[in-house]
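Colleague:
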Amino acid sequence: MYETVLSVLKQHSIEYKENFPLKSISSFKTGGNADLFVSPKSEEEIIWVLKACKEQKIPYAVLGNSTNLLIADSGYRGVILRIGKEFSQIVYKGNGRIECKAGASLASLCNFALKQGLTGLEFAYGIPGTAGGAAYMNAGAYGGEMKDVLVSCTHITPDFDLASFEKEDLKLAYRRSVYTDSPYVITSLTLQLREGDPTEIKAKMDDLFGRRKDKQPLDFPSAGSTFKRPVGYFAGGLIEECGLKGYTVGGAQVSEKHAGFVINKGNATTADILQLIRDVQKIVFEKKGVSLETEVKYLG
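Numbering of the sequence shown is given in my numbering, commencing with residue 10 and proceeding in unit increments.
(1) Going straight from the alpha carbon of E131 to that of T76, what length do you get?
(2) Between which residues of its own chain and L179 is the CB-CB distance below 6 Å, once the five residues before and five after are set aside?
(3) I'd like the list of long-range same chain contacts for I23, defined as Cβ closer than 8 Å, with 5 residues on each side in sequence excluded.
(4) From A111, E12 and I80, pick the residue whose C-alpha is nearest to that of G93; which is it?
(5) Pair every Cβ in the segment 35-42 with every Cβ in the segment 262-279, then say whether three or more of these pairs are closer than 8 Å.
(6) Identify, in the order they occur along the chain, each residue of the same chain with its Cβ nearer than 8 Å to the Cβ of A143, setting aside the five sequence neighbours on each side.
(7) Taking 8 Å as the cut-off, decide whether the C-beta atoms of D44 and G73 are in contact.
(8) Quick check on this structure: which residue in G41, K19, T278 and G298 has the alpha carbon closest to the alpha carbon of N28?
(9) Grab me the residues of M10's own chain with a C-beta within less than 7 Å of its C-beta, minus the 5 sequence neighbours each way, in chain order.
(10) Could you say which of D215, E304, G259 and K102 lies nearest to A319 if we only look at CA atoms?
(11) Starting from the C-beta of L217, find all residues in its chain whose C-beta is less than 8 Å away, skip the five residues before and the five after it, and write them out in chain order.
(12) Please go through the same chain and pick out, in chain order, the residues whose beta-carbon is closer than 8 Å to the beta-carbon of G260, but skip the five residues on each side of it.
(13) Report the rounded CA-to-CA distance for H267 versus L198, giving the unit in angstroms.
(14) Taking V293 as the reference, which of D223, S83 and E249 has the closest Cα?
(15) Please list, in chain order, all residues of the same chain as G129 whose beta carbon is under 6 Å from its beta carbon, the five residues on each side excluded.
(16) Going by other Cβ atoms of all chains shown within 10 Å of its Cβ, with 16 needed for buried, is Q225 buried or exposed?
(17) Could you have a look at P111 and say whether DSSP puts it in helix, strand or coil?
(18) What does DSSP give as the partner residue(s) for I85 in the beta ladder?
(19) Could you work out which residue in Y256, K60, A244 and L283 is closest to T13 when comparing CA atoms only?
(20) If distances are taken between C-alpha atoms only, which option among C251, I99 and A81 comes closest to L31?
(21) Over what stretch of residues does the beta strand (DSSP E) that includes Y101 continue unbroken?
(22) Looking at the structure shown, is T279 part of a helix, part of a strand, or coil, going by DSSP?
(23) Taking P239 as the reference, which of D170, L301, D206 and F121 has the closest Cα?
(24) Thinking C-alpha only, which one of K211, T208 and K297 is nearest Y242?
(25) Start and end of the beta strand (DSSP E) containing L79?
(26) Measure from the alpha carbon of T257 to the alpha carbon of each residue in L283, E175 and L171, then state which is nearest.
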């Protein structure tokens, strides 16, 4: 079923792997294999692959660093396009404006801003994942969000054209954007920051990273905060109040360090993690009357 796609990949010398183990790139370290795993180096290569998938009616998914993703144990029957290091260029355009490709890591983006003496992005230091993923879900922490600094995003449309959305069209909200429920593929973004004192910027970055290290279970595979923040509450607080710290299903566990994190304690399967999430949602709703919605996305 992949003849056309494989022909396009070979014709344009696009890097790919067959039967690729997705757990190797998953921050949860779970999940099965993908039939085809493609690493495009340009927008043109993405378009060629998407057109071939559409022609053969082959499912596809676009991933960044897979840090907010739970991948099915059965893997993915289709094509995975990884927007990674090949899309990591960052350029300073002057007057506080930065343009970066969607595959740039948030860590590298924050460090780039620091070198330019630009403030406004410190909140993102320590958030795993890519700039594109952060724009996709309007990532945020410690009182800051991508919507505070995002000016525009360039993307590939369902008709395979390059286009862009300005800030007012991005529909940025809590862990949502115009891209969350659409087939657009983000390829780059533009940020507007402010001039600041590099010493103060570095101190704030170090402070926030230190807080993460102290409070979050960074030494275990996870996808960061598992649940969205319910209105008027904190998910971790509700879970802890229900006595669920340390709650375990198979190799999955509610972190004993931070109840808002579900971790892979060791050899967990995606099925273990999903069951644990369902159990937590059920118990919190029964005891607190609050519905917890997952921040983590499921692929499979």
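Virtual Cβ for every residue (Gly too), placed ideally from N, Cα, C.
Modeller: On the basis of the supplied data:
(1) Here residue 131 refers to the residue found at position 122 when the sequence shown is read from its first residue. Here residue 76 refers to the residue found at position 67 when the sequence shown is read from its first residue. Their backbone Cα atoms lie some 19 Å apart in a straight line.
(2) In the sequence shown, residue 179 corresponds to position 170, counting from 1. Result list for L179: S186 and V187, in chain order.
(3) Taking the sequence shown and counting its residues from 1, one reaches residue 23 at position 14. Closer than 8 Å at the Cβ level, and outside the excluded window around I23, lie V17, V47, S48, P49, K50, E54, W57 and V58.
(4) Residue 93 sits at position 84 when you count from the first residue of the sequence shown. Per the Cα distances, A111.
(5) yes
(6) Numbered from its first residue, the sequence shown carries residue 143 at position 134. L115, A133, I136 and M155.
(7) Position 35 of the sequence shown, counting from 1, holds the residue named residue 44. Position 64 of the sequence shown, counting from 1, holds the residue named residue 73. Result no, Cβ atoms of D44 and G73 do not sit closer than 8 Å.
(8) Against the sequence shown, residue 28 aligns to sequence position 19. Ranking the options by Cα distance to N28, first place goes to G41.
(9) Position 1 of the sequence shown, counting from 1, holds the residue named residue 10. Result list for M10: Q65 and I67, in chain order.
(10) Outside the displayed range of the chain (10 to 309) lies residue 319, so it cannot be described from this structure.
(11) Within the sequence shown, the letter at position 208 stands for residue 217. These residues qualify, in order along the chain: E131, F132, Y134, G135, A150 and Y151.
(12) One-based indexing of the sequence shown puts residue 260 at position 251. These residues qualify, in order along the chain: N273, K274, G275, N276, A277, T278 and D281.
(13) The residue labelled residue 267 in the question sits at position 258 within the sequence shown. The residue labelled residue 198 in the question sits at position 189 within the sequence shown. So the alpha carbons of these two residues sit roughly 32 Å apart.
(14) Taking the first residue of the sequence shown as 1, we reach residue 293 at position 284. Closest by alpha carbon: E249.
(15) Looking up residue 129 in the sequence shown gives position 120. Result list for G129: V158, L202 and R203, in chain order.
(16) Sequence index remark: in the sequence shown, residue 225 carries index 216 (1-based). Result: buried.
(17) Translated into positions along the sequence shown, residue 111 becomes position 102. Inspection of the sequence shows that residue 111 is occupied by Ala rather than by Pro. If DSSP states are grouped into helix, strand and coil, A111 belongs with coil.
(18) One-based indexing of the sequence shown puts residue 85 at position 76. Note that residue 85 corresponds to Tyr in the displayed sequence, not to Ile. Its beta-bridge partners are A43.
(19) Locating residue 13 in the sequence shown gives position 4, where the first residue counts as 1. For T13, the nearest C-alpha among the options comes from K60.
(20) Position 22 of the sequence shown, counted from the first residue, corresponds to residue 31. Considering only alpha carbons, the answer is A81.
(21) By 1-based counting over the sequence shown, the position of residue 101 is 92. I99 to G103 is the span of the beta strand (DSSP E), which, as asked, contains Y101.
(22) For this step, residue 279 is matched to residue 270 along the sequence shown. Helix at T279.
(23) The residue given as residue 239 occupies position 230 in the sequence shown. For P239, the nearest C-alpha among the options comes from L301.
(24) Here residue 242 refers to the residue found at position 233 of the sequence shown. The shortest Cα separation from Y242 among K211, T208 and K297 belongs to K297.
(25) The residue you call residue 79 lines up with position 70 of the sequence shown. Looking at the DSSP string, the run of the beta strand (DSSP E) that includes L79 is L78 to I80.
(26) Your numbering for residue 257 matches position 248 in the sequence shown. Comparing Cα-Cα distances from T257 to each of L283, E175 and L171, the minimum goes to L283.
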